[in-house]
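Chains as they are written, first to last, in the numbering used here: chain A, 2 to 543; chain B, 274 to 648.
Positions of the beta carbon are idealized from the N, C-alpha and C atoms, including for glycine.
Take a look at the structure below.
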Amino acid sequence: MEETDVVFLWGANARENHPIMFHHVLKGVHAGARLYVVDPRRTTSAQWADRWLGLSVGTDIALANAMARVIIHAGLENATFIQNATEHFEAYRQLVEPYTLEFAEQVTGVPASVIREVALDFAKADRAMICWTLGITEHHNAVDNVCALINLVLLTGHVGRYGSGVNPLRGQNNVQGGGDMGAIPNRLVGFQDILDPAVRERFDKAWGITMAPRVGMTITDMFEAMHAGHFHGLYVIGENPAQSEANQEHTMAALSSLDHIVVQDIFLTRTAECADVVLPASSSWCEAEGTVTNSERRVQRVRKALEPPGDARDDMWIITEIGKRLGHDLGPPDAETVWNEIRSLAPKMFGGMSYARLEANNGLQWPCPTESDPGSQFLHARLWAKPRVGPAAPFSLVNHEGPVEMPDAGYPFQLTTGRRLESYNTGVQSGGYTSPLRRPESLDMSPEDAATLGVADGDAMRITSRRGSIVAPVRIDTSLRAGLVFMTLHFQDQVRVNVLTTDVWDAKSGTSEFKACAVRLEPAMAGEAAAEENARELVPGD
Amino acid sequence: MTAPGALVQISPPRRSVELTIDGDTVAAPEGTTILDACRQRGQDIPTLCYLETLHPVNACRVCVVEVENSRVLVPSCSRRIEPGMVVHTDSPRVRHSRKMVLEFLASSVDLSTTPHAAEWIASYECHPERYGPPAPPAAAGIRDAAHAGHHEPPDPAFAATVHQPIKADNELYVRDYGKCILCYKCVEACGIDYQNTYAIAVAGRGFDARISTEFSVPLPGSACVYCGNCIAVCPTGALMFSSEHDRRAAGTWDESRQSVVDTICPYCGVGCTLSLHVQNNEIVKVTSPFDVSITHGNLCIKGRFGWQYVQERPGNGKRTNGVPRRPRDIEAASNAAGKSRRKGHDISQRDGPQHDGPPHAGTPGDGDGKGSGHP
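If you want it as structure tokens, here you go:
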């Protein structure tokens, strides 16, 4: 990152949400790299950019495909790499043909000349990388968005090489690790396919069970199943869906349809308030041993520095005890023992990562199959081997769709959501410290919209979507364009922004479209917000 | 070509350079500084403004050494070794220079929380008191208001000092510029070396020079984003976390009873190493090791200060019951506990969820989609 030539931050405000990673970007920028930031808001990251591409929300595929067309028409695609490592290029070439600069400018709002400039710079660079986060994935077509970016690196060969690549910047210390461990519906530990009989046989043998060849559900599917009456109980570990899920009223109705809820958490969160049983847990990053995997696939040790308070117990101890009550001996609740079992069941990824090596190397990047393996700096380096090793990387044929809920006469503004430097998600953790930077939730809007509506900073505004209505003070923000308003998800105890957001979701990833919904704005009475807060139900009723 | 995925060596191999340090012939890779060459052979040299993660600014002059045929003493922290160089690290000229530097600093600045200061002052036989009794502290704001060219001649009866009241204008930091030696480390860390926030710089000239925000505004009115990276590099304790400052003031700061445990920050996926300084089962300070390639010792506001929630749970010695609570929501929780819920099914008798729908792609990328979900 520090020695690359071009960095795209696409739907990512790393300056605030990945500040230490942004230090590395800035080292690159100071060394001469061009930084392009693709974001509907002119964020603090965009302020560092050579070009800010302030596209309309949810038009990323149109932009990416138009860039591809520019690159192909200029003859700057990496033909050798495409030939050796990819498939479906011809279909992709035809797919992007209608994405002319004129069309893209019209759809995205980014000037054609800028699209052309950054596309050519990306293609001509020796090293270039694309980093993305939730601006890409919190859409109803999240996976398609990701595929559109992957297409760009396949087209140019900016992958699997030093200073190049596509990097999802993970939002939590163990998002990657959760996937690594099989905490996704269709995979076992090490991304092994649960529908593969040979895989199941290995796990069955190790665990002395017969595993059903059945794919699980995403959290979004689970909530739909609750609504359909197919779910009767829920066991929530370290998640706060009562506040973090889109379309909050819908979420609460789903939770209230359940017979039994168990919540295992370090706090009595809103979700825990709905629970029949709360299991007080230790804080996994400082009161327990284990590992987490960061955005660069580096498995690192977390260590116990504190004794947990009172009766709070290590997650692993709780799960082991529940296993015992259900008649299964899950073995000793010891992190290293569990880790070694993981290594034995996913040896290609973790086989070489003993605790001793993780300690000595300050973490190792998977895949790391043997004790003599230094770990893998590049996941897709195989694409450069000649002849190619493994399957070809396919171009994905994805088209522009745009957000499901666009502004219309009844709901004329577009609401997008995001995060701030000093706060974190639903604020359960970051609410615990005082910060001179913190300010309460606000409805951020452009000066143009404020003038049109005749409102000023601090005026109370009622914000209504098709799903619900809340009140928040206006904050005029010059980083926004007319028609686009912004709120965070950090202060849901005070302002329940997720009452507004739409739960239309991506069937492939299970992610809701937090980044786009349509809202109506009306002036509110000053006391309205507080009155609403006092009156509202704290838990789902019957 | 290297094997797919293997670690890439990007810098060319370095030649070995031979030189003489204090009479010994020494070899080290080209590009090494004199300081590193000395430290590699187990020989330490005092430093104040030097840090391996920052660009050297050669401000403090305490690390100077004598190089034969050089007109002046050279800063060992930035001067690179050359073939045939003859270095003296402890010659009378070097010792005299260090003594002078340390005396000037000790007579004008409070070095009481500077590691090794007392030891160096003793070993270089410094007598800072010979410059006279320290001048009384300046009133708050006086040094901040000094303009170049408006300097009053100092009172010869006193040793001039930078002593002044501490600045405690926010919840997270304390700035005690009576302890500041103007080493520039905080400016470098806040500026181009890492944070690129440029909230602070050196203002004023000569003895009036001081570290300042723009127009000396309090930190909450400045560009500061409270990453604490200035505090992490401060060599004298002029910049201090409130959590440390307040305990020191109360007499409860005790490093002999502190343990330091490295773990990983929970607040994003970058994977910053946090060194938790723990005293009496409480986190009292968070730093990051300078030799970790992800952080180089830097953190953001969340990693540096966002741990307090862990300690706000009842039970850290004052636990009242078995359920942890968010401090701000105790009342709401007790209301919730009173609500009844629909019961009547024994779910332990049920099979697991029968889900026969289409398989879900569940790409590794979908985890972030629930990014708002983790408490």
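Asked: Please decide whether L492 of chain B counts as near chain A, where near means a Cβ-Cβ distance under 8 Å.; Found: yes
Asked: In whole angstroms, what separates the C-alpha of M317 of chain A from that of T138 of chain A?; Found: 30 Å
Asked: Near G570 of chain B, what residues of its chain come up, given a Cβ to Cβ distance below 6 Å and the 5 sequence neighbours on each side ignored?; Found: T326, A505, S561 and F563
Asked: Once the 5 residues before and after A124 of chain A are set aside, which same chain residues still bring their CB inside 6 Å of it?; Found: I72, L77 and T157
Asked: For the candidate residues B:P365, B:V367, B:F488 and B:D363, whose alpha-carbon lies nearest to that of I476 of chain B?; Found: The sequence shown places Ala at residue 476 of chain B, not Ile. Ranking the options by Cα distance to A476 of chain B, first place goes to B:F488.
Asked: If L490 of chain A sits next to V498 of chain A, beta carbons under 8 Å apart, how far is it from one beta carbon to the other, in whole angstroms?; Found: 6 Å
Asked: Is I454 of chain B helix, strand or coil by DSSP?; Found: coil
Asked: Just to confirm, are S576 of chain A and E342 of chain A a CB contact at a threshold of 8 Å?; Found: Since the displayed chain A opens at 2 and closes at 543, residue 576 of chain A lies outside it and no answer follows.
Asked: Quick check: what's the CA-CA separation for G296 of chain B versus R312 of chain B?; Found: 16 Å
Asked: Could you tell me the boundaries of the beta strand (DSSP E) in which H361 of chain B lies?; Found: V359 to H361
Asked: Is it true that the CB of I323 of chain A sits closer than 8 Å to the CB of A282 of chain A?; Found: no
Asked: Closest by CA to A247 of chain A, which one among A:E88, A:G239 and A:G419?; Found: A:G419
Asked: Can you tell me which of the three DSSP states R42 of chain A falls into?; Found: coil
Asked: Which value, in whole angstroms, describes the spacing of the CA atoms of S436 of chain A and D330 of chain A?; Found: 46 Å
Asked: Starting from the beta carbon of T536 of chain B, find every residue of chain A whose beta carbon is closer than 7 Å, and list them in chain order.; Found: W286, C287, V303, R304 and A306
Asked: At the 8 Å Cβ level, is Y467 of chain B part of the contact set with chain A, yes or no?; Found: yes
Asked: Taking the continuous alpha helix (DSSP H) assigned at A461 of chain A, which residues delimit it?; Found: Premise fails: A461 of chain A lies in the beta strand (DSSP E), A461 to T465, not in any alpha helix (DSSP H).
Asked: What's the C-alpha gap between G550 of chain A and P41 of chain A?; Found: Outside the displayed range of chain A (2 to 543) lies residue 550 of chain A, so it cannot be described from this structure.
Asked: Express the C-alpha separation of V8 of chain A and S529 of chain B in angstroms, rounding to a whole number.; Found: 46 Å
Asked: Quick check: L481 of chain A and D458 of chain A, are their CB atoms within less than 8 Å of each other?; Found: no
Asked: Report the rounded CA-to-CA distance for T465 of chain A versus M407 of chain A, giving the unit in angstroms.; Found: 14 Å
Asked: Short of 6 Å in beta carbon distance, which residues of its chain neighbour H19 of chain A, apart from the five on each side in sequence? Order them along the chain.; Found: L170
Asked: Does D266 of chain A come out as helix, strand or coil in the three-state DSSP assignment?; Found: strand
Asked: For W133 of chain A, count neighbouring Cβ atoms within 10 angstroms of its own Cβ and tell me buried if that reaches 16, exposed if not.; Found: buried
Asked: For H251 of chain A, tell me which candidate among A:R467, A:V147 and A:V30 has the shortest Cα-Cα distance.; Found: A:R467
Asked: Does the beta carbon of T568 of chain B come closer than 8 Å to any beta carbon on chain A?; Found: yes
Asked: Give the residues from the region 268-280 of chain A that approach chain B closer than 7 Å (Cβ to any Cβ), ordered along the chain.; Found: F268, L269, T270, E274, D277 and V279
Asked: Hey, is Q531 of chain B's beta-carbon within less than 8 Å of any beta-carbon in chain A?; Found: no
Asked: Among the residues of its own chain, which have a CB less than 6 Å from the CB of T294 of chain A, if the five just before and after it don't count?; Found: Q177, G178, D181 and V300
Asked: For a quick check, are the C-beta atoms of Y425 of chain A and A519 of chain A less than 8 Å apart?; Found: no
Asked: Is L422 of chain A helix, strand or coil when you go by DSSP?; Found: coil
Asked: Have a look at the DSSP bridge pairing and note the partners of H261 of chain A.; Found: A:G234
Asked: If I measure Cβ to Cβ from F379 of chain A and keep anything under 6 Å in the same chain, skipping five residues before and after, which residues do I get?; Found: G161
Asked: Could you tell me whether the Cβ atoms of P395 of chain A and E88 of chain A are closer together than 8 Å?; Found: yes
Asked: With a 10 Å radius around its C-beta and 16 neighbouring C-beta atoms as the bar for buried, classify G542 of chain B as buried or exposed.; Found: buried
Asked: Cβ closer than 7 Å: which chain A residues qualify as neighbours of N342 of chain B?; Found: The premise fails here: N342 of chain B is roughly 35 Å from chain A at the closest Cβ pair, so nothing lies under 7 Å.
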